[in-house]
Amino acid sequence: MQEVQRIVILDFGAQYTQLIARRIREANVFCEVVPYDTSLSDIRARRPAGIILSGGPSSVLDADAPTVDPALYNLGVPVLGICYGMQLTAHLLGGRVERAAQREYGRVRVEMDVNSRLLHGVSPASQCWMSHTYHVTQAPAGFKSIAHSDNCAFCAMENTQRGIYCVQFHPEVTHSEEGQQVLRNFALNICGCRGDWTMAAFVQDAVKSIRERVGDGRVLLGLSGGVDSSVAAALIQRAIGERLTCVYVDHGFMRKGETEQVVDVFTRLFPVSLVAVDARARFLKQVEGITDPEQKRKRIGAEFVAVFADEAAKIGAVDFLAQGTIYPDVIESGSVKGSAVIKSHHNVGGLPKDLQFKALLEPLRMLFKDEVRKVGEELGLPSDMVWRQPFPGPGLAIRIIGDITQEKLEIVRESDAILREEVALAGLDRSVNQYFTVLTGIRSVGVMGDERTYDYTLAIRAVTTDDFMTVDWARLPHELLARVSARIVNEVAHVNRVVFDITTKPPASVEWE
Ligand code: XMP
C-alpha cells in the first residue's frame with residue numbers, strides 16, 4: 011500500500027481554517043490542521059507533500075504577531091499562504107506589507123494570470139472573496155504578482171523556483187467561485203498529490219493500523235447507537251473482530267427501535283462481544299418524581315457512569331478504550347486540544363474514573379462528520395444508522411417536561427417515531443438537521459367523538475442549522491404537519507393537541523430541557 015500523502019495546514023486562527031481542510035479533502039488529498047507554532051522538526055516528521063499557511067486575525071506588523079521559522083520555506087516542500095499566510099510570507103521573505111487605505115471585505119472581481127501554475131484553468135476574471143485590512147505592496151525578490159484587483163496589486167503571487175505560492179483572497183469559501191480549482195492546482199499539480207485519498211482507502215488503512223496497534227490485545231468501546239460510536243465499532247470490528255467488546259446501556263430513554271437495531275447490527279452484521287445492559291428500571295427509578303431539568307440530567311449522567319463501571323468491572327482490565335472522537339472534537343481554531351483528554355461518554359457525565367485500560371483508540375479522530383458517515387456507508391452499516399440525527403445523551407427523558415412516567419415515555423417514543431417516519435417519507439430527513447416531539451406537560455380540553463377530553467399537548471420541534479450553536483426552525487410543509495398531527499392524535503393515546511415550535515435559537519434552545 012502506498013504511503014498516505016498529506017498536506018499540513020498551519021492554523022493562524024482564521025475562522026475558515028477548517029474549511030481549507032474540507033476543501034483539500036474534497037480534492038481527495040488527506041490533510042491535517044496543526045497550530046502555527048508546531049516545530050519544524052514535527053512538521054518535517056509528518057512528511058508533508060505541501061504546507062498551507064492559513065489566514066488569521068492578526069497583523070504581521072504587530073510585535074507579537076504569530077509567525078513561523080523562515081526555514082519552513084526551505085524544506086523543499088511547496089507552500090501556499092492564504093490571506094494572513096500570504097502577508098506573513100511577504101513579510102518574512104523581504105517584501106512589504108502595509109495597512110490598506112480601506113478594509114477590503116466581500117466579493118471582488120480579480121484579474122488572473124491564467125498562465126501561472128497556481129491559477130491554471132481559472133477564468134481571466136474571477137469572483138473572489140476578500141477579507142483583509144493589510145495587504146502586500148511589494149513582493150519579495152523572486153516573486154511575481156499573478157492576480158490583481160482595482161484595490162490590490164497583489165491578489166496572488168508566486169515564486170515557482172522556490173515553490174512558494176500566495177493568495178490574498180480566500181479560495182476555501184464558496185463565494186470565491188473558482189477557489190476549489192486554485193486549491194486543486196496547489197494540491198495536485200504543484201504538490202504532486204495523487205488525489206487517491208477516499209473513504210475506501212481510509213478504511214483499508216485504518217484497519218491495518220488498528221491491527222498493528224492492538225496486536226492481540228482487547229478493546230472496550232461504549233456504544234451509544236449514535237453515528238460516531240457505531241462507525242468506530244464497525245471499523246474496529248473489521249480489524250479485530252470479537253476482541254472488541256462493546257457496552258451498550260439501554261437507559262430506557264432511547265427512540266423506538268433503536269436498541270433492537272444496535273443489538274441486531276452488532277451481533278449479526280458486525281459480530282462483536284456485545285454487552286447490552288437493560289438498565290431501564292434502574293434509570294426510571296432514578297428520575298421518578300424529578301421535575302428539575304438539571305437534576306434529571308445529573309441523575310441520568312451519574313447512573314450511566316455507575317452502570318458502565320459495573321459492566322467494565324465484570325469485563326476486567328482491557329488494553330484499549332476506544333472512542334468515537336471526531337476531528338471537530340480535536341481541533342479548535344488556533345490550537346489542537348490535548349490528545350489524551352477523554353471525551354465525556356455519551357455526553358451524560360463522563361466515564362468511571364477507575365476504568366482500567368492502557369491506551370486510547372480513536373480511529374475517527376481525523377475525520378469530519380460527513381466523512382464518518384461515508385466510512386459508515388463504506389463499511390455497510392444501515393443507512394438510517396449512518397444518517398441518524400443528533401440525539402442527546404439523556405435521550406427522551408429531557409423531552410418530557412416535568413416528571414417522567416412509563417406512560418409519558420411511550421407517548422414521546424411513539425409520537426417521535428411517527429414524526430420520523432413522515433419526515434422521511436416527505437424526503438426531508440437529510441435536510442432538516444434535527445426533529446422530534448416534546449411532551450409539554452400542559453393538558454387542555456378537547457373533544458373526541460361525543461366525549462370531552464382533558465389530555466396532553468405535544469409539541470413538534472424541527473430545526474435547521476450548521477453547528478447547533480444557532481438554529482432556525484424548519485419550515486416544514488403544512489401538509490406534512492397536518493399528516494403528523496392527524497396521525498399523532500389518532501395513534502397515540504392521551505394526546506389531544508399538537509403544536510409546532512417556531513422559535514429560533516437563541517433565545518430558545520433546541521431541546522426543551
Ligand atoms: P440545545 O438544547 O443545547 O441543543 O440547544 C444543541 C444540540 O445538542 C444536543 N444536546 C445534547 N447532546 N448530550 C448530548 O449528547 C446532552 O446532554 C445534550 N443536550 C442537548 C441537542 O439534541 C442538540 O442537537
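Read in order, the letters of the sequence shown correspond to residues 11 to 523 in our numbering.
Note that beta-carbon positions come from the ideal geometry of N, C-alpha and C, so glycine has one too.
### Segment contact, 8 Å Cβ cut-off, at least three pairs: the stretch 207-227 with the stretch 306-313
Judged by Cβ distances under 8 Å, the stretch 207-227 makes no contact with the stretch 306-313, as fewer than three pairs qualify.
### CA nearest to the CA of residue 420, picked from 403, 449 and 139
Residue nearest to residue 420 within the set 403, 449 and 139 is 449 (criterion: CA-CA distance).
### Query
Between 19, 498, 290 and 314, which lies nearest to residue 446 when the distance is taken from Cα to Cα?
When only C-alpha atoms are compared, the closest one is 498.
### Nonlocal neighbours in the same chain, by C-beta distance under 7 Å from residue 136, ignoring five residues either side
Closer than 7 Å at the Cβ level, and outside the excluded window around residue 136, lie 120, 122, 187 and 188.
### Task
Check whether the Cβ atoms of residue 89 and residue 63 lie closer than 8 Å to each other.
Result yes, Cβ atoms of residue 89 and residue 63 sit closer than 8 Å.
### Query
Closer than 7 Å: is that where the CB of residue 478 sits relative to any heavy atom of the ligand XMP?
Taking 7 Å as the cut-off, the C-beta of residue 478 counts as close to a heavy atom of the ligand XMP.
### Task
Could you work out which residue in 513, 371 and 184 is closest to residue 543 when comparing CA atoms only?
Residue 543 cannot be examined here, being either before or after the span of the chain that is shown, 11 to 523.
### Query
Can you tell me the Cα-Cα spacing of residue 66 and residue 107, whole angstroms?
Rounded to the nearest angstrom, the two C-alpha atoms are 15 Å apart.
### Query
What are the start and end residues of each continuous alpha helix (DSSP H) run of 4 or more residues lying completely inside the stretch 64-112, in chain order?
You should have 94-102.
### Task
Decide yes or no for the touch test of the stretch 161-175 against the stretch 12-24: beta carbon pairs closer than 8 Å, at least 3 of them.
Touching, no, given that fewer than three Cβ pairs across the two stretches are closer than 8 Å.
### Query
Could you give the residue range of the alpha helix (DSSP H) that holds residue 247?
In the DSSP assignment, residue 247 falls within the unbroken alpha helix (DSSP H) covering 237-250.
### For residue 50, the three-state DSSP class (helix, strand or coil)
Note: residue 50 maps to helix in three-state DSSP.
### Query
Once you ignore the five residues that flank residue 529 on each side, which residues in its own chain have a CB closer than 6 Å to its CB?
Since the first residue shown for the chain is 11 and the last is 523, residue 529 is missing from the structure and cannot be characterised.
#### Entry: Buried versus exposed, by CB contacts within 10 Å (16 or more), residue 519
So residue 519 counts as exposed.
### Query
Looking at C-alpha atoms only, which residue of 35, 16, 25 and 290 is the closest neighbour of residue 381?
Of the candidates 35, 16, 25 and 290, the one whose C-alpha sits nearest the C-alpha of residue 381 is 35.
### Task
Alpha carbon to alpha carbon, how far is residue 27 from residue 184? Give it in angstroms, no decimals.
Each residue's Cα considered, the two are about 14 Å apart.
### For residue 332 and residue 371, believed in contact at Cβ under 8 Å, the rounded distance
Contact holds; Cβ gap of about 4 Å.
### Message
Short of 6 Å in beta carbon distance, which residues of its chain neighbour residue 436, apart from the five on each side in sequence? Order them along the chain.
### Response
490.
### Message
Suppose you measure from the CA of residue 239 to the CA of residue 334; what does that come to, to the nearest Å?
### Response
Their Cα atoms are separated by approximately 5 Å.
### Message
Check this for me: beta carbons of residue 97 and residue 146, under 8 Å apart or not?
### Response
With contacts defined by Cβ atoms closer than 8 Å, residue 97 and residue 146 form a contacting pair.
### Query
Excluding the five sequence neighbours on either side, which residues of its own chain have a C-beta within less than 8 Å of the C-beta of residue 267, listed in chain order?
For residue 267, the CB contacts under 8 Å within the same chain, skipping 5 residues up- and downstream, are 427 in chain order.
### Task
Measuring alpha carbon to alpha carbon, tell me which of 368, 292 and 301 ends up nearest residue 2.
There is simply no residue 2 to check, as the chain begins at 11 and stops at 523 in what is shown.
### Message
Please determine whether the Cβ atom of residue 240 lies at a distance below 7 Å from any heavy atom of the ligand XMP.
### Response
When distances are taken from the beta-carbon of residue 240 to the heavy atoms of the ligand XMP, even the shortest one reaches 7 Å or more.
### Query
Is residue 177 near residue 92, with beta carbons less than 8 Å apart?
The criterion of a C-beta distance shorter than 8 Å is satisfied by residue 177 and residue 92.
### Task
Spatial neighbours of residue 439 within its chain, please: CB distance less than 6 Å, with the 5 preceding and 5 following residues excluded, ordered by chain position.
In its chain, beyond the 5 residues on either side, 433 have a beta carbon closer than 6 Å to the beta carbon of residue 439.
### Query
Roughly how many angstroms separate the alpha carbons of residue 338 and residue 394, rounded to a whole number?
Separation of residue 338 and residue 394 (C-alpha to C-alpha, rounded to the nearest whole angstrom) is 22 Å.
### Message
Measuring alpha carbon to alpha carbon, tell me which residue in 509, 390, 384 and 523 is nearest residue 412.
### Response
Closest option to residue 412, Cα to Cα, is 523.
### Task
Please name the residue or residues paired with residue 169 in a DSSP beta bridge.
For residue 169, the beta-bridge partners assigned by DSSP are 174.
### Query
What do you reckon, is the C-beta of residue 398 under 7 Å from a heavy atom of the ligand XMP?
No, Cβ of residue 398 sits at least 7 Å from all heavy atoms of the ligand XMP.
### Query
For residue 130, which option in 139, 157 and 110 has the closest C-alpha, if you only look at C-alpha atoms?
By alpha-carbon distance to residue 130, the top candidate from 139, 157 and 110 is 157.
### Task
Out of 288, 241 and 180, point me to the one whose CA is closest to residue 142's CA.
When only C-alpha atoms are compared, the closest one is 180.
### Message
Could you tell me the alpha carbon to alpha carbon distance between residue 463 and residue 455, rounded to whole angstroms?
### Response
Taking C-alpha positions only, residue 463 is separated from residue 455 by approximately 6 Å.
### Task
With DSSP as the reference, please indicate the residues paired to residue 207 in a beta bridge.
Answer by DSSP bridge pairing: none, since residue 207 is not bridged.
### Query
Exposed or buried, residue 384, counting other C-beta atoms within 10 Å across all chains shown (16 or more means buried)?
Within a 10 Å sphere around the beta-carbon of residue 384 sit 16 or more other beta-carbons, which makes this residue buried.
### Query
Is the beta carbon of residue 276 sitting closer than 8 Å to the one on residue 243?
Yes. Within cutoff.
### Task
Please report the Cβ distance between residue 241 and residue 374, rounded to the nearest whole angstrom; I am assuming they are in contact, meaning their Cβ atoms lie under 8 Å.
Confirmed, about 6 Å.
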